[in-house]
Ligand SMILES: [Zn+2]
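Protein chains in written order, with this note's numbering: chain A, -5 to 285; chain B, 34 to 374.
Here you go:
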């Protein structure tokens, strides 16, 4: 993939351990794919179009114009407010595994020249779960969008609220939704992109509050888990239940966009709804202080 | 907490459960064989009462979960029937159907017009089946939002009563946008231009509760619970053992007292010894007093100030740590400055 985004590392590993091997096995079609080819195709299987999950860094790299990203709140993390069994250990483990401080990266950048505030959740970090830090970073991104009169784009990939922070994680639904409300009041666009999987508390807050809601093909999108629903209704659910395509058909989202076309779809939407334009490779320096 | 050590409270609970089983066994024998068991029963009943006193003097979080779910606990209609007059129920979301799991009504509280919304749990199985155990579908939340819009239009405050195991986890609820309905309510309540007072009376089950629980003031009965996941669900995920729900109830910090400490609940309303159902009138009186006091105070606050306060209140919730960025391992190249310091 593109590999241009350089950030501080929060994990204990010097370098991220990439799974070795030239070949990768597609979890859906079981074909062996030449890894380089998979990466060139933005981790979409060339045989069956299965969209492999991306890290937040990969997501930003394939979405934003090269070197246009300025990160916000990189060092903001959750604590262990309830003294919950094993939570600090789980957090360190997630940091070591992903090199991220938390399950979301936020900042600003340009998409084909359109300036925007952007956030990407990372499912690899504790299932992309939303605790206080994820909620805070998303709310701050929304507030910056409001203050700077810039659009907001958020890629979601999350299992829901972070149980280990108890009701404080539930309150992040209110915190983020309230902050998104301010963007709407200011007439600014908010584009929500749901990636595999987007479930639970994240769907019941900012992910479903987009002016336009996009999703990647095949992404799992839903509030309650399949198993819980099956136990409740005592029936098996169809295979396509809660997929992006299912949600599109039920009228819950606006469009399903393949990953290879997502950047241009976002650029087109941002150009349409009036994001400020920035000339390519000419990101303006901050204005000098007034005398 | 890796070693499981039963707390004294849990011990008492088990003793009481055993005793109750024994009492039931004796009564059954008495019924079936038409013999008097009073001599044997008396001491057991006395012992059970004694245990209950011990338990309810300092109930564990798991006991509080049981109290919150108690089938005799006052329900929405008890609260509304006692505290309000001139109640006119509103039906339907104008989109799909009327959801009996969620009630919306115009009413008067202490003579003043208000809009009341709430989860409508039943008292018995028949009522609960009709009202889906107080677990709304999206249309229930959309009905609540419609009622709140009326409140906004006519400048009436909203009183919301929360008592639900959660939003209904069914296939049709998903298809009709359960997540969107909850998200929309949460967002709209965060900026609704009238005072909002929430009372958590029983179970505050996750997003399904929060969908009508954003407020300027959030009150909570002493033995109600409010949680992101049920203790059973939490135990099943964490330990693959739903029977460890007692431990999960402790870990989740779901009691009114915990939630006040965490800044999620503004005031805890005392319940009678042994729970609200032991003396409903005392419970209603406590709720009436607190509602009256808060509504009066909120009415005097200009709406822009109220909205700003409400926004900041939710904006502050949670606990975060802002590490200095040097504490991260050095980046591979100089890092551009963040957008604003
Ligand atoms: Zn494939």
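Beta carbons: idealized from backbone N, C-alpha and C, even for Gly. Please read all numbers here as calculations on a predicted model, not as lab measurements.
Margin query: If the criterion is Cβ atoms closer than 8 angstroms, does the pair residue 152 (chain B) and residue 195 (chain B) meet it?
Written below: Mapped onto the second chain, residue 152 (chain B) falls at position 119. Mapped onto the second chain, residue 195 (chain B) falls at position 162. Contact: yes.
Next item on the list: Rounded to whole angstroms, what's the CA-CA distance from residue 28 (chain A) to residue 272 (chain A)? Just pull it up for me.
Entry: Walking along the first chain from the start, residue 28 (chain A) turns up at place 34. Walking along the first chain from the start, residue 272 (chain A) turns up at place 278. Using only the alpha carbons, I get a separation of about 37 angstroms.
Next item on the list: Starting from residue 286 (chain B), find everything on chain A with Cβ-Cβ shorter than 8 angstroms and list it in chain order.
Entry: For the purposes of this step, residue 286 (chain B) is taken as residue 253 along the second chain, with counting starting at 1. Within 8 angstroms Cβ-Cβ: 76, 160, 161.
Check: Under the criterion of a Cβ to heavy atom distance below 7 angstroms, does residue 25 (chain A) qualify as lining ligand 1?
Finding: Taking the first residue of the first chain as position 1, residue 25 (chain A) is located at position 31. Yes.
Check: Helix, strand or coil: how does DSSP classify residue 310 (chain B) here?
Finding: In the second chain, counting from the first residue as 1, residue 310 (chain B) sits at position 277. Correct three-state label for residue 310 (chain B): helix.
Item checked: Expected contact under 8 angstroms - CB spacing of residue 197 (chain B) and residue 241 (chain B) to nearest Å -> Within the second chain, residue 197 (chain B) is the residue found at index 164, counting from 1. Within the second chain, residue 241 (chain B) is the residue found at index 208, counting from 1. The Cβ separation is near 5 angstroms, so the contact holds.
Notebook entry, point to check: Do you know how far the Cα of residue 208 (chain A) is from the Cα of residue 251 (chain A)?
Noted result: Position 257 of the first chain, counted from the first residue, corresponds to residue 251 (chain A). Position 214 of the first chain, counted from the first residue, corresponds to residue 208 (chain A). Cα to Cα, residue 251 (chain A) sits roughly 7 angstroms from residue 208 (chain A).
Margin query: For residue 133 (chain B) and residue 150 (chain B), I'd like the C-alpha separation in whole angstroms.
Written below: To locate residue 133 (chain B), count along the second chain from 1; it is residue 100. To locate residue 150 (chain B), count along the second chain from 1; it is residue 117. When rounded, the distance between both Cα atoms is 12 angstroms.
Next item on the list: Quick one: grab the DSSP three-state call for residue 300 (chain B).
Entry: The sequence position of residue 300 (chain B) within the second chain is 267, counting from 1. Three-state result, residue 300 (chain B): strand.
Notebook entry, point to check: Cβ atoms of residue 184 (chain A) and residue 93 (chain A): under 8 angstroms apart, would you say?
Noted result: Numbered from its first residue, the first chain carries residue 93 (chain A) at position 99. Numbered from its first residue, the first chain carries residue 184 (chain A) at position 190. It is not a contact, given that the beta carbons lie outside the stated cut-off.
Notebook entry, point to check: Candidates B:229, B:215, B:330, B:294: which alpha carbon is nearest residue 217 (chain A)'s?
Noted result: Translated into positions along the first chain, residue 217 (chain A) becomes position 223. Of the candidates B:229, B:215, B:330, B:294, the one whose C-alpha sits nearest the C-alpha of residue 217 (chain A) is B:215.
Notebook entry, point to check: Between residue 204 (chain B) and chain A, is there a C-beta pair that is closer than 8 angstroms?
Noted result: Position 171 of the second chain holds residue 204 (chain B). Output row for residue 204 (chain B): interface = yes.
Check: Is residue 83 (chain B) helix, strand or coil by DSSP?
Finding: Taking the second chain and counting its residues from 1, one reaches residue 83 (chain B) at position 50. Three-state result, residue 83 (chain B): helix.
Item checked: Heavy atom of ligand 1 within 7 angstroms of residue 22 (chain A) beta-carbon -> Numbered from 1 along the first chain, position 28 holds the residue referred to as residue 22 (chain A). True, at least one ligand heavy atom lies under 7 angstroms from that Cβ.
Next item on the list: Compute the Euclidean distance between the alpha carbons of residue 96 (chain A) and residue 38 (chain A), then round it to the nearest angstrom.
Entry: Position 102 of the first chain holds residue 96 (chain A). Position 44 of the first chain holds residue 38 (chain A). So the two alpha carbons sit approximately 25 angstroms from each other.
Checklist line | Every unbroken alpha helix (DSSP H) inside the region 185 to 227 of chain A [4 residues or more] | finding: 220 to 227
Next item on the list: Count the other C-beta atoms from every protein chain shown that fall within 10 angstroms of the C-beta of residue 83 (chain B), then say buried if there are 16 or more, exposed otherwise.
Entry: The residue you call residue 83 (chain B) lines up with position 50 of the second chain. By the 10 Å Cβ count, residue 83 (chain B) comes out exposed.
Notebook entry, point to check: residue 129 (chain B) CB to nearest chain A CB: under 8 angstroms?
Noted result: Here residue 129 (chain B) refers to the residue found at position 96 when the second chain is read from its first residue. Chain A, which has no Cβ nearer than 8 angstroms to the Cβ of residue 129 (chain B), makes this no.
Next item on the list: Tell me the start and end of each unbroken alpha helix (DSSP H) in the region 33 to 95 of chain A that is at least 4 residues and wholly inside, in chain order.
Entry: 50 to 57, 81 to 92
Checklist line | residue 425 (chain B) vs residue 298 (chain B) beta-carbon contact at 8 angstroms | finding: With chain B covering only 34 through 374, there is no way to say anything about residue 425 (chain B).
Check: Would you report the Cα separation of residue 116 (chain A) and residue 65 (chain A), rounded to the nearest angstrom?
Finding: Within the first chain, residue 116 (chain A) is the residue found at index 122, counting from 1. Within the first chain, residue 65 (chain A) is the residue found at index 71, counting from 1. Going from the Cα of residue 116 (chain A) to the Cα of residue 65 (chain A) covers about 15 angstroms.
Next item on the list: Would you mind reading off the limits of the alpha helix (DSSP H) that contains residue 114 (chain A)?
Entry: Working through the first chain from its first residue, we reach residue 114 (chain A) at position 120. Taken as a continuous stretch (DSSP letters only), residue 114 (chain A) belongs to no alpha helix (DSSP H), being part of the beta strand (DSSP E) at 108 to 115.
Item checked: Residue range of the unbroken alpha helix (DSSP H) whose run includes residue 272 (chain B) -> The residue labelled residue 272 (chain B) in the question sits at position 239 within the second chain. Start and end: 264 to 272.
Check: Any heavy atom of ligand 1 closer than 7 angstroms to the CB of residue 28 (chain A)?
Finding: Counted from its first residue, the first chain places residue 28 (chain A) at position 34. Answer for residue 28 (chain A): no, Cβ out of range of ligand 1.
Check: Beta carbon of residue 37 (chain A): closer than 7 angstroms to some heavy atom of ligand 1?
Finding: Taking the first chain and counting its residues from 1, one reaches residue 37 (chain A) at position 43. No; taking the cut-off as 7 angstroms, the Cβ of residue 37 (chain A) has no heavy atom of ligand 1 nearer than that.
Check: Within the chosen definition, does the region 116 to 128 of chain B reach the region 175 to 191 of chain B through at least 3 CB pairs nearer than 8 angstroms?
Finding: yes
Check: Leaving out five residues before and five after residue 17 (chain A) in sequence, what residues of the same chain have Cβ atoms less than 8 angstroms from its Cβ?
Finding: Position 23 of the first chain, counted from the first residue, corresponds to residue 17 (chain A). Excluding sequence neighbours, residue 17 (chain A) sits near 26, 27, 28, 29.
Notebook entry, point to check: Nearest-angstrom Cα distance between residue 35 (chain B) and residue 79 (chain A)?
Noted result: As a working note, residue 35 (chain B) is residue 2 in the second chain. As a working note, residue 79 (chain A) is residue 85 in the first chain. Confidence is the limiting factor: at residue 35 (chain B) the pLDDT is only 39, short of 50, which leaves the residue's position unreliable and the question unanswerable from this model.
Check: Do the region 302 to 318 of chain B and the region 85 to 94 of chain B meet, that is, are 3 or more Cβ pairs less than 8 angstroms apart?
Finding: yes
Checklist line | CB of residue 114 (chain A) within 8 angstroms of CB of residue 167 (chain A), strictly | finding: Reading the first chain from its first residue, position 120 is the one you call residue 114 (chain A). Reading the first chain from its first residue, position 173 is the one you call residue 167 (chain A). Cβ distance not < 8 angstroms, so residue 114 (chain A) and residue 167 (chain A) don't count as in contact.
Next item on the list: Using a Cβ-Cβ cut-off of less than 8 angstroms, give me the residues of the region 44 to 59 of chain A that come near chain B, in sequence order.
Entry: none
Next item on the list: Report yes or no: do three or more beta-carbon pairs, one from the region 334 to 352 of chain B and one from the region 217 to 225 of chain B, lie closer than 8 angstroms?
Entry: yes
Next item on the list: With a cut-off of 8 angstroms on the beta carbons, I'd call residue 126 (chain A) and residue 196 (chain A) a contact; round off their distance for me.
Entry: Along the first chain, read from residue 1 onward, the residue named residue 126 (chain A) stands at position 132. Along the first chain, read from residue 1 onward, the residue named residue 196 (chain A) stands at position 202. Incorrect: roughly 14 angstroms between the Cβ atoms, too far for contact.
Notebook entry, point to check: Just to confirm, are residue 246 (chain B) and residue 264 (chain B) a CB contact at a threshold of 8 angstroms?
Noted result: The count along the second chain starts at 1 and reaches residue 246 (chain B) at position 213. The count along the second chain starts at 1 and reaches residue 264 (chain B) at position 231. Contact: no.
Next item on the list: Using a Cβ-Cβ cut-off of 8 angstroms, state whether residue 79 (chain A) counts as contacting chain B.
Entry: Here residue 79 (chain A) is taken as the residue at index 85 of the first chain, counted from 1. Yes, residue 79 (chain A) counts as interfacial toward chain B.
Note to self: Can you tell me whether residue 266 (chain A) is buried or exposed? The criterion is at least 16 other CB atoms within 10 Å of its CB, across all chains shown.
What the structure shows: Within the first chain, the letter at position 272 stands for residue 266 (chain A). Exposed, because fewer than 16 other Cβ atoms sit within 10 Å of the Cβ of residue 266 (chain A).
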